[in-house]
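In our numbering, the protein residues as written are 1392 to 1671.
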């Protein structure tokens, strides 16, 4: 189409009547802002994944919190604990929990390394042992053997192996410890610090079971679970012959301490890394 008398030609591209688009420089700035926003969002998501132990070796170095995987997941429809159950307001940190058997000491055991928890031996055997009646030894694919009550089912979540009772009320949890804590007792101290954020948390025992630096450590406490009620944790941390550190926990109803002690003791008495197991 001719543009007056200038002799210039122009083509009608259909843009007549529409507002002009933003300048090219402004468009580039908008695209840059969008790219920065996407990068920051991805970085925040990754940081959160690491901070909460997503890789099994960072974040919660003392090991995954029991209630992070407490609700068993036998089917996709199983309910998962909500964030409000992970870090609610800390409860009282002194006194013995209600419902603990009367043969326990009336005061809390000292948290010094010389303290020994009531009614517990000093160490797992680490070479295996004969399981008691009603238990069977599991040669776990994760690289160790231990006795588990008959009929319990195995599952894996992140760095942890779980053996869970048929009614889902009680479980054994096993996982390796990956620094920066260099001893079982240091790991137990860090685990206690994290666990103390739980609702109605009450410590029963935190102690090192012997004078040597790498002797086992014991931690016991109760807390209120949003989904499962008043819960008890029996936690033993120790180093094996090869230097690998493990935690073996039993998690169950707070009122069932005697039963949970029996299960915990059977697991500890028979626990051994596969390469060191001598029991048939």
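Backbone N, C-alpha and C fix where the C-beta goes; we use that ideal spot for every residue, glycine too.
Quiz item: How would you label residue 1547, buried or exposed, when you count the other beta carbons within 10 angstroms and need 16 or more for buried?
Solution: exposed
Quiz prompt | Host alpha helix (DSSP H) of residue 1644 (start-end) | solution = That residue, residue 1644, is in no alpha helix (DSSP H); its beta strand (DSSP E) goes 1636-1644.
Quiz item: DSSP state of residue 1613, grouped into three classes?
Solution: Residue 1613: strand per DSSP, three-state reduction.
Quiz item: What whole-angstrom Cβ distance do residue 1580 and residue 1597 have, given they're in contact under 8 Å?
Solution: 7 Å
Exercise. Could you check if residue 1634 is buried or exposed, using at least 16 other CB atoms within 10 Å of its CB as the buried criterion?
Key: exposed
Quiz item: Just the Cα atoms here: how many angstroms apart are residue 1592 and residue 1641?
Solution: Approximately 16 Å, taken between the alpha carbons.
Exercise. To the nearest angstrom, report how far apart residue 1565 and residue 1639 are at their CA atoms.
Key: 5 Å
Self-check item: Sheet register partners of residue 1563 (DSSP bridge)
Solution: 1554, 1641
Quiz prompt | Three-way DSSP call (helix, strand, coil) for residue 1569 in this model | solution = coil
Self-check item: Alpha-carbon spacing of residue 1560 relative to residue 1604, whole angstroms
Solution: The alpha-carbon atoms of residue 1560 and residue 1604 are separated by roughly 35 Å.
Quiz item: Could you give the distance in angstroms between the alpha-carbon of residue 1562 and the alpha-carbon of residue 1536?
Solution: 16 Å
Quiz item: Which word fits residue 1632, buried or exposed, when buried means at least 16 other C-beta atoms lie within 10 angstroms of its C-beta?
Solution: exposed
Self-check item: Chain-order list of residues whose beta-carbon lies under 7 Å from that of residue 1669 (same chain, five-residue window excluded)
Solution: 1518, 1519
Exercise. Please name the residue, chosen from 1636, 1607, 1612, 1657, that lies closest to residue 1644 on a Cα-to-Cα basis.
Key: 1612
Quiz item: How about residue 1659 and residue 1627: do their beta carbons lie closer than 8 Å?
Solution: yes
Exercise. Kindly give me the distance between the Cβ atoms of residue 1665 and residue 1530, rounded to whole angstroms, as I take these residues to be in contact under 8 Å.
Key: 7 Å
Self-check item: Straight-line Cα distance separating residue 1543 from residue 1657
Solution: 14 Å
Quiz prompt | Beta carbon of residue 1608 nearer than 8 Å to that of residue 1578 | solution = yes
Quiz item: Where does residue 1600 fall in DSSP's three states?
Solution: coil
Practice problem: Going by DSSP, name the residue or residues bridged to residue 1516. | Solution: For residue 1516, which the question treats as bridged, DSSP gives no partner whatsoever.
Quiz item: Using the beta-carbon count (16 or more within 10 Å), is residue 1465 buried or exposed?
Solution: Unreliable positioning characterises residue 1465 in this predicted model, as indicated by a pLDDT of 42, which lies under 50. The coordinate reading is nonetheless provided below. Exposed, since its Cβ has fewer than 16 Cβ neighbours within 10 Å.
Exercise. Pick out whichever of 1541, 1571, 1617, 1637 has its Cα sitting closest to the Cα of residue 1558.
Key: 1541
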